[in-house]
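> Below: one structure in structure tokens.
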Amino acid sequence: MCGINGIVGIENPEKGKSYLTKMNNKMAHRGPDDEGIFADTHIAIGQRRLSIIDLSSAGHQPMWCNDKRYCIVYNGELYNFKELRFDLERASRGSNDKPYHFKTASDTEVILAAYSRWGKDCLKKFNGMYGFAIWDVQTKQLFIARDRLGIKPIYYSYKNQVLAFSSELRSLLESDIVPRKLNNEALIDYLRYQTVHAPATMVKDVFMLMPGHHITANLNEIKIEKYWDINTSIATKKIDTPYQDVCLKVNQLFEKAVQRRLVADVPFGAFLSGGIDSSAVVGMMSKVASSQVKTFSVIFDDEQFSEAKYARIIANKFHTDHHEIKLTSNDFKNELNDALLAMDHPSGDGPNTYVVSKATKNAGITMALSGLGGDELFAGYDIFNRTLKLDKLKWLSGIPGITLAAKINKSIRPGVSSAKIAELLALNSLSFKNTYPLSRQVLLEDQIEKLFKDKGKAKNSVSEIIKNIKAQSNNLLSAVGIAEISTYMQNVLLRDTDQMSMAHALEIRVPFLDYELVEYVIGLPDNYKIPTSPKKLLVDALGDMLPPEIVNRPKMGFTLPWKNWLKTDFKNLCETNLKLLGQNPHFNANELDILWQRFLKDDPFITWSRIWYLVVLQRWISDNKIEVE
């Protein structure tokens with residue numbers, strides 16, 4: 001686990017090395033154990049290392065293959081590297097391939113050897129989370145790849161035949177090659193969804209490499225190709241397999257996914273909220289791990305926000321070494337500024353992960369497993385049931401008076417939910433592709449039009465993403481799962497998890513996002529996943545692993561008492577940044593103030609999240625000295 005950087009197209013090696021030094025220093029937090037740079041004519045690549053596998057100096061990067069043709073910088077973990085190493089140490093039957101003689105015990109060298117033998121097709125054999133770049137000395141060509149689900153980030157900019165890339169946006173900006181200019185077109189996306197959807201970013205001319213894609217770059221051009229896509233890799237069809245056999249398969253795949261992610265040469269643990277997903281991970285870890293599992297939970301004095309009792313049930317059942325991180329308003333206030341500074345790309349979420357990651361690292365843990373992805377696979381969010389209900393109500397579209405009735409309901413029962421219902425019933429169709437983008441939206445279009453001066457006819461990014469998702473009657477839950485993975489999960493949850501955990505040099509592994517498990521579960525027809533609550537398929541697949549208290553508990557989610565904090569401890573922070581955002585020529589200062597005053601008066605239409613993500617946006621712009629045009 002590390003951070004990587006690189007530039008192609010700078011003729012002067014010393015100049016390239018100078019750029020890479022600044023970029024490496026900017027993300028020293030990602031890799032405190034080691035650093036390295038290779039610079040030559042037209043190429044400079046660098047890395048900061050967090051040692052997880054093969055802690056010796058032999059794992060130093062940039063790393064060269066045996067014949068010195070390829071040089072690699074790599075961020076991530078390859079979970080099946082031992083199996084691949086076994087194959088690579090032997091010649092392929094009927095081929096001219098020679099056995100590769102390994103000099104290290106690292107997965108980094110396995111990637112090098114795999115690329116040497118199979119070229120870009122090596123990606124089809126990898127199971128892991130990764131972002132890596134390989135320089136070919138002979139062809140003067142750089143190959144950059146990102147994992148299937150987008151767990152590890154790759155940012156890049158290509159201008160005037162110069163390609164710069166990095167694991168972090170801030171490191172890319174630190175190179176001075178990329179101007180610090182706000183991407184005005186991305187603002188509307190952020191207002192709608194509290195994030196910017198890849199490949200776009202909040203910085204002009206900087207992009208994210210999409211999950212399951214790779215870049216091939218030479219001195220004249222770059223080429224971006226897709227090697228895996230969740231829509232085409234999943235064949236959703238009628239399956240006659242008995243339910244119990246499906247449960248057994250899910251159990252086997254999940255156990256394998258967890259077991260793979262326990263390979264490490266450092267102490268490890270797990271985040272435990274006491275929900276079904278984190279409890280499932282801890283339960284399976286306890287089954288397959290060779291030592292006692294360490295677990296970490298955040299608790300609050302206020303019981304309505306605390307999941308402590310549920311986490312304790314799991315910790316006691318599986319005899320974990322359990323750590324409770326007690327958090328008060330004052331504790332969080334002290335951490336918030338650092339959490340915001342750690343935010344590499346603006347997001348409405350993330351500080352909670354920062355706090356937990358810091359405490360986990362301070363407890364001596366370098367790697368931790370998370371239950372992220374369970375909701376997306378097993379229909380754990382409300383949006384799954386909501387989409388099913390809306391699909392059954394498609395006949396309502398066009399009924400005279402239905403829109404008026406929704407508006408009346410909105411006035412009688414004021415709130416975000418009734419406002420969404422009114423907007424949904426005003427659509428010309430209640431099909432998945434119409435309802436999903438609106439269901440996930442934070443601010444509605446009428447609110448955005450008041451706040452944002454130049455909305456224009458900006459395309460809805462979520463609508464564009466889900467165009468290729470096949471939503472049929474037998475796989476509607478799968479369609480929602482793909483949509484959740486492709487939007488909120490990849491562009492909020494995974495991005496936040498990476499930037500906030502790596503701020504403390506803590507590696508997070510996510511067994512629910514093992515691509516073999518993802519392909520199987522998402523590919524199952526809906527009848528195997530209904531009822532959606534409490535994630536029946538996952539619970540049944542685990543047998544008696546989870547106690548009833550966990551299975552039947554109310555879903556809380558991992559949250560903090562933000563509403564109270566924004567009105568008290570963080571009131572000044574909010575007011576200051578909202579005023580600054582009002583000076584941005586794209587925003588209406590008066591409407592921002594109205595929004596803030598409505599929140600202070602407990603307007604049911606203005607939740608804390610609709611305030612906070614605007615505050616975060618301005619803080620990020622200020623902290624990173626982003627030019628607003």
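If you count the sequence shown from 1, position 194 lands on 194 in the numbering used here, and the numbers rise without skipping.
Backbone N, C-alpha and C define an ideal beta-carbon position, used for all residues, glycine too.
Taking the beta carbon of Lys535 as the centre, do at least 16 other beta carbons fall within 10 Å, making it buried, or is it exposed?
Along the sequence shown, read from residue 1 onward, the residue named residue 535 stands at position 535. Lys535 should be labelled buried.
> If you scan the segment 496-524 from start to end, which runs of the alpha helix (DSSP H) of 4 or more residues do you find wholly inside it?
Within the segment 496-524, the complete alpha helix (DSSP H) runs of at least 4 residues are 515-522.
> Can you list the alpha helix (DSSP H) stretches of 4 or more residues lying completely in the segment 109-176, in chain order?
Within the segment 109-176, the complete alpha helix (DSSP H) runs of at least 4 residues are 169-174.
> Between the beta-carbon of Lys140 and the beta-carbon of His214, is there less than 8 Å?
Your numbering for residue 140 matches position 140 in the sequence shown. Your numbering for residue 214 matches position 214 in the sequence shown. Not in contact: Lys140 and His214 (Cβ atoms no closer than 8 Å).
> Between Cys574, Gly481, Asp265, which has its C-alpha nearest Gln597's C-alpha?
Here the question's residue 597 lines up with position 597 in the sequence shown. It is Cys574.
> Please name the residue in Gln244, Ser166, Pro525 whose C-alpha comes closest to that of Ala379.
If you number the sequence shown from 1, residue 379 lands on position 379. Nearest of Gln244, Ser166, Pro525 to Ala379, Cα basis: Pro525.
> Give the straight-line distance between the Cα atoms of Gln138 and Arg69, rounded to the nearest whole angstrom.
Counted from its first residue, the sequence shown places residue 138 at position 138. Counted from its first residue, the sequence shown places residue 69 at position 69. Gln138 and Arg69: Cα-Cα distance of roughly 7 Å.
> Which same chain residues, not among the five before or five after Ile325, have their C-beta less than 6 Å away from its C-beta?
Here the question's residue 325 lines up with position 325 in the sequence shown. Val298, Ala359.
> Can you list, in chain order, the stretches of the alpha helix (DSSP H) that have 4 or more residues and sit fully within the segment 276-345?
Listed in chain order, the complete alpha helix (DSSP H) runs (minimum 4 residues) inside the segment 276-345 are 276-288, 308-317, 329-341.
> With a floor of 4 residues, list each alpha helix (DSSP H) that falls wholly inside the segment 416-464, ordered by position along the chain.
Entirely contained in the segment 416-464, the alpha helix (DSSP H) runs reaching 4 residues are, in chain order, 416-425, 432-439, 445-451.
> Tell me which residue opens and which closes the beta strand (DSSP E) that Ile230 is part of.
Your numbering for residue 230 matches position 230 in the sequence shown. Taken as a continuous stretch (DSSP letters only), Ile230 belongs to no beta strand (DSSP E), being part of the alpha helix (DSSP H) at 230-233.
> Could you tell me if His101 is buried or exposed, where buried requires 16 or more neighbouring beta carbons within 10 angstroms of its beta carbon?
The residue labelled residue 101 in the question sits at position 101 within the sequence shown. With fewer than 16 other Cβ atoms within 10 Å, it is exposed.
> Identify, in the order they occur along the chain, each residue of the same chain with its Cβ nearer than 8 Å to the Cβ of Ala114, setting aside the five sequence neighbours on each side.
What you label residue 114 is simply residue 114 of the sequence shown in a count that begins at 1. Once the five neighbours on either side are set aside, the close Cβ partners of Ala114 are Leu84, Leu88, Cys122, Lys125, Phe126.
> For the alpha helix (DSSP H) holding Val246, just list the boundary residues, first then last.
Within the sequence shown, residue 246 is the residue found at index 246, counting from 1. Looking at the DSSP string, the run of the alpha helix (DSSP H) that includes Val246 is 243-260.
> Apart from the five residues just before and just after Val206, which ones in its own chain have a Cβ nearer than 7 Å to its Cβ?
The count along the sequence shown starts at 1 and reaches residue 206 at position 206. If we look at Val206 and ignore the five residues flanking it on each side, its Cβ neighbours are Tyr155, Ser157, Leu169, Leu172, Val178.
> Specify, as a first and last residue, the run of the alpha helix (DSSP H) that Ile482 falls within.
Here residue 482 refers to the residue found at position 482 when the sequence shown is read from its first residue. Run containing Ile482: 476-484, per the alpha helix (DSSP H) assignment.
> Hey, quick one: how far does the alpha helix (DSSP H) through Lys223 stretch, first residue to last?
Along the sequence shown, read from residue 1 onward, the residue named residue 223 stands at position 223. Here Lys223 belongs to no alpha helix (DSSP H); instead the beta strand (DSSP E) covers 222-226.
> Give the single residue among Leu438, His504, Lys181, Trp612 whose Cα lies nearest to the Cα of Asp571.
Indexing the sequence shown from 1 puts residue 571 at position 571. What sits at residue 571 in the sequence shown is Lys, not Asp. That would be Trp612, whose Cα lies nearest to the Cα of Lys571.
> So, helix, strand or coil for Asn409, using DSSP?
The count along the sequence shown starts at 1 and reaches residue 409 at position 409. Because the pLDDT of Asn409 is 49, which lies under 50, any placement of that residue in the model is unreliable, and the question is left without a value.
> Should Asp349 go down as buried or exposed, given a rule of 16 or more other Cβ atoms within 10 Å for buried?
Locating residue 349 in the sequence shown gives position 349, counting from the first residue. It counts as buried.
> Does the beta-carbon distance from Met129 to Asp147 come in below 8 Å?
As a working mapping, residue 129 is identified with position 129 in the sequence shown. As a working mapping, residue 147 is identified with position 147 in the sequence shown. It is a contact, given that the beta carbons lie within the stated cut-off.
> Please list the terminal residues of the continuous alpha helix (DSSP H) segment that includes Phe81.
For the purposes of this step, residue 81 is taken as the residue at position 81 of the sequence shown. 81-88 is the span of the alpha helix (DSSP H), which, as asked, contains Phe81.
> Using C-beta distances below 8 Å, list every residue in its chain close to Met23, excluding the 5 sequence neighbours before and after it, in chain order.
Translated into positions along the sequence shown, residue 23 becomes position 23. Excluding positions up to five away in sequence, the list reads Asn5, Gly46, Ser166, Ser171, Leu172, Glu174, Ser175.
> Is it true that the segment 350-357 meets the segment 497-504, where meeting means three or more beta-carbon pairs spaced less than 8 Å apart?
Cβ pair count under 8 Å is three or more, so yes.
> Per DSSP, Phe102 is paired with what?
Here the question's residue 102 lines up with position 102 in the sequence shown. For Phe102, which the question treats as bridged, DSSP gives no partner whatsoever.
> Taking the C-alpha atoms as reference points, what is the distance between Phe296 and Thr320?
Locating residue 296 in the sequence shown gives position 296, where the first residue counts as 1. Locating residue 320 in the sequence shown gives position 320, where the first residue counts as 1. Using only the alpha carbons, I get a separation of about 10 Å.
> Is Ile522 near Ile276, with beta carbons less than 8 Å apart?
The residue you call residue 522 lines up with position 522 of the sequence shown. The residue you call residue 276 lines up with position 276 of the sequence shown. No, they are not a contact pair.
> With DSSP as the reference, label Cys65 as helix, strand or coil.
The residue you call residue 65 lines up with position 65 of the sequence shown. Cys65 falls in the coil class under three-state DSSP.
> Buried or exposed, going by whether 16 or more other CB atoms sit within 10 Å of the CB of Phe86?
Taking the sequence shown and counting its residues from 1, the one referred to as residue 86 is at position 86. By the 10 Å Cβ count, Phe86 comes out exposed.
> CB Phe254 to CB Ala44, shorter than 8 Å?
Your numbering for residue 254 matches position 254 in the sequence shown. Your numbering for residue 44 matches position 44 in the sequence shown. No, they are not a contact pair.
> Counting only the same chain and skipping the five closest in sequence on each side, list residues whose C-beta sits under 6 Å from that of Ile485.
Position 485 of the sequence shown, counted from the start, is the residue given in the question as residue 485. Here the set comprises Glu376.
> Where do the ends of the beta strand (DSSP E) carrying Leu78 lie?
Walking along the sequence shown from the start, residue 78 turns up at place 78. Looking at the DSSP string, the run of the beta strand (DSSP E) that includes Leu78 is 70-78.
> Around the Cβ of Lys453, are there at least 16 other Cβ atoms within 10 angstroms (buried) or fewer (exposed)?
Position 453 of the sequence shown, counted from the first residue, corresponds to residue 453. Classification of Lys453: exposed, given that the 10 Å Cβ count is below 16.
> Please report how far the alpha carbon of Ala406 lies from the alpha carbon of Leu614, in whole angstroms.
The sequence position of residue 406 within the sequence shown is 406, counting from 1. The sequence position of residue 614 within the sequence shown is 614, counting from 1. With a pLDDT of 48 at Ala406, under the threshold of 50, the modelled position of that residue is not reliable, and the figure given next carries that caveat. Rounded to whole angstroms, Ala406 to Leu614 spans 28 Å at the Cα level.
> Rounded to the nearest angstrom, what separates Trp620 and Asn337 at their Cα positions?
To locate residue 620, count along the sequence shown from 1; it is residue 620. To locate residue 337, count along the sequence shown from 1; it is residue 337. When rounded, the distance between both Cα atoms is 11 Å.
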